[in-house]
Structure formats: structure tokens, C-alpha cells
Amino acid sequence: MELIFASNNQHKLNEIQAIAGNKISLKSLKDISCFDEIPETGRTFEINAGQKSRYIYDRFHVSCFADDSGLEIDGLNGEPGVDSAHYSGSRDFGKNMELVLSNLGDNPNRRARFRTVISLLLNGEEHLFEGTIEGNITREICGTKGFGYDPIFIPEGYDVTFAEMDAEEKNRISHRAVAVRKMVVAALSSQ
Ligand code: IMP
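All residue numbers for the sequence shown refer to my numbering, where the first residue is 10 and numbers rise by one.
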């Protein structure tokens, strides 16, 4: 089965392909010669993922999916949420983490979760899948692996941050992995 991933992020595509296995062949936007800047203007992960998959389906009429993810922190009323990629006004991971740590200050409520929503469009019909991983925000930056907020997030049941874990372990338990596995089951059973 072939699915177009409505993203230009090759790193994510490889990660998702590894989770999806060999029954699904993922193609990128480059493979369908789409070089557009896809709009992403919603205030929820669901709306943003749907906006991106619908954009591709409407133009190319292919089975496709898009994802949107971010970090929700209870002590910050769910921030950075859909603004995760540019919380500090820049896409700099270090600046975004520093802003989270300074906004949280000494707040003892450090509960947080990463959330991914995938919008899959099969024959024009939307299917939504969600993956979350619960955890806590550290008081300082720890670890060098991964990306984004990995160095300040300790998943529940662990005593190290995502940035201190091997990629294989993170990819086994991550929000994205949970959502992708759900999508793969649904996509394959629709055939
Ligand atoms: P995206 O929708 O997957 O591109 O994620 C948006 C933003 O959320 C990223 O730029 C990161 O700041 C953050 N984020 C999403 N997933 C992760 C993750 O697995 N680790 C750390 N940060 C993440």
C-alpha cells in the first residue's frame, strides 16, 4: 500500500516508515512534485493535521496523511501546545526550552504530555488517530539526543529525559509511534 506523507521532513518520514514496516510504502511530497508551503493555521492539532492532509488530497487525489504534534504542560494551561515549534517566537529549540523552564519557574506541578494527531485521508474520508505520552518537565536541560523539547521531558515510568534515551527506545514509546501504529492498523485493514 502506498501513502503520501504531507510533510517535507525527511527525518520524520524515515521514523514513521520504520514504525509502519514494509506493508506500507511512504512517499514524500517531493515524490509527487509538491513544493507548496502547506497552510497550518488552526488552534488545535486536529485542525492542523486535517488542514494539511485535505490540502494534498484536494490537489492530488491520493491517499495521504499529515500529523501535528506538540507539548502540553498543565502548569502552563496547556502551553506551548500548537505553538510548540515557535513558542519563543523563534524555532530555536534551546530558546523554546528556556522559555518553558522560566515560565514554569518553581511551579511544583510539572505534569506534561507530548501529543500527536494524525489525519489520514482514504478515498477522501478522514480518519483521526491520536498518540500521547505522559511525563514531567525537568528543572534543567538534560541530554543531547533527539530534538525539540526532548531534553526537558521525562516520560512516566523513566528517570531519564527523552534526550538521554536511545532513538529506538524513544520511538517505541513516543506519542508519534502510538499514533502511527493506530494509523497503520486502520490503513491496512481498509484494503
Ligand atoms: P511537529 O508537528 O511534529 O512538527 O512538532 C511541532 C513541535 O513540537 C516541534 O517543533 C517540537 O518543538 C515539538 N515536538 C513534537 N514532537 C516532539 C518530540 O518527539 N520531541 C520533542 N519535541 C517535539
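For every residue, glycine included, the Cβ atom is placed at its ideal position computed from N, Cα and C.
In the three-state reduction of the DSSP assignment, E24 falls in the helix class, which pools H, G and I. Contiguous beta strand (DSSP E) elements confined to the stretch 23 to 70 occur at 34 to 36, taking only those with 3 or more residues. Comparing alpha carbon positions, the residue from L35, R119 and S99 closest to I161 is R119. Judged by DSSP secondary structure, G155 falls outside any alpha helix (DSSP H); it is assigned neither H nor E.
Taking C-alpha positions only, A121 is separated from G155 by approximately 18 Å.
When the five nearest sequence neighbours on each side are left out, the beta carbons in the same chain lying within less than 6 Å of the beta carbon of K191 are those of F138, in order along the chain. Collapsing the DSSP output to three states places I150 in coil. The straight-line gap separating the alpha-carbon atoms of G98 and G90 is approximately 14 Å. Under the DSSP assignment, I182 falls in the alpha helix (DSSP H) whose first and last residues are A176 to I182. With a cutoff of 8 Å on beta-carbon distance, I33 and A186 are scored as not near each other. Counting other Cβ atoms within 10 Å of its Cβ, T170 reaches 16 or more and is therefore classed as buried.
In chain order, L131 place their CB closer than 6 Å to the CB of S199, counting only its own chain and leaving out the 5 sequence neighbours on each side. Chain-ordered, the residues whose CB falls short of 5 Å from any heavy atom of ligand 1 come out as D77, S78, G79, S93, A94, G157, Y158 and D159. In the structure shown, the three-state DSSP call for G166 is coil. With the rule of 3 Cβ pairs closer than 8 Å, the stretch 11 to 21 counts as touching the stretch 54 to 71. Within the model, the alpha-carbon separation for C43 versus S37 is close to 9 Å. Rounded to the nearest angstrom, the gap between the Cα atoms of N23 and H136 is 22 Å. Under the 10 Å beta carbon count, T147 is surrounded by 16 or more other beta carbons and is classified as buried. Taking a C-beta distance under 8 Å as the contact criterion, R100 and H184 do not qualify as a contact pair.
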